[in-house]
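Asker: Structure incoming, see below.
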Amino acid sequence: RKTAQLHKGQLEEIDYLLNRKLNGFEETQLNNKTRMDRLATDFASQQKCVVIIEQYLNMEGAAGKKGKKRATPVTKSSKPSSDKALYLSSKKEYDAGNYEAARKGFKKLMKTYPKSEHADNSQFWIGETYYSEKWYEKAILEYQKVIENYPSGNKTPAAMLKQGFSFLNIGEANNARLLLQNLVSKHPGTEEAKKAKRKLESL
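Numbering (the working numbering), first residue to last: 3 to 205.
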């Protein structure tokens, strides 16, 4: 009888340990599933901007044709004879709200006069044309070219500021916050840094 009781006790202990291990395994599986779900959500969130930007890149031509009224060029004379003249005529188009015409002019300047002192400003204004049209994803890409290609240029702080604002406009507050903080850190004392600080206080 004592042997039977011992045997029964051992079985109960084994049963308890098995259940404990089984429960632990189920809990681990559940935790793994939760972790995978969270990773999938984070990945989808991180890819959101890239996907939207790619869509805009692919759709730019078609959207420009069917969604926008044609700009009426301000200048009708022969083509400008210098980079400065081309820059001024393109800026004039921008100020008049003829963003497509302005964009073409700035791009032509950068292609024809890649070493021009107006090249960095032209790149910035290309970003501004998209920003004015609320094509924020396109604007982000163009501002990034200013930051990467002209890091010491006078438009770099402005490009960083407007890139941050663009991210805010597409609902990416975290990216915007990082960019604005980076602007304040790298270009302290600038007017753009002051604007960035004020915006950060409201985020």
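Every residue, glycine too, gets a C-beta built ideally from N, C-alpha and C.
1. May I have the straight-line CA-CA distance separating E193 from K113, to the nearest angstrom?
2. In three-state terms, what does DSSP make of W127?
3. Cutting at 6 Å between CB atoms, please list the residues of its own chain near S118, excluding the five before and the five after it.
4. Determine, using beta carbons only, whether S84 comes closer than 8 Å to chain B.
5. How is K164 classed by DSSP in three states: helix, strand or coil?
6. Would DSSP call I54 helix, strand or coil?
7. Is DSSP giving A141 helix, strand or coil here?
8. For K177, tell me which candidate among N123, P190, I142 and Y132 has the shortest Cα-Cα distance.
9. Distance, Cα to Cα, A121 vs G173?
10. Mind checking which residues open and close the alpha helix (DSSP H) that includes S91?
11. Whole angstroms are fine: how far does the CA of S134 sit from the CA of S92?
Answerer: Reading from the atomic positions:
1. 30 Å
2. helix
3. D85
4. Among the protein chains of the structure shown there is no chain B, as only one such chain exists.
5. helix
6. Low per-residue confidence applies at I54: pLDDT is 47, beneath 50, and the placement is therefore not dependable, though the value from the model is reported in the following sentence. Here I54 sits in helix by DSSP.
7. helix
8. First, the residue type needs correcting, since residue 177 is Asn and not Lys in the sequence shown. Residue I142 is the option with its Cα nearest to N177.
9. 31 Å
10. D85 to D97
11. 15 Å
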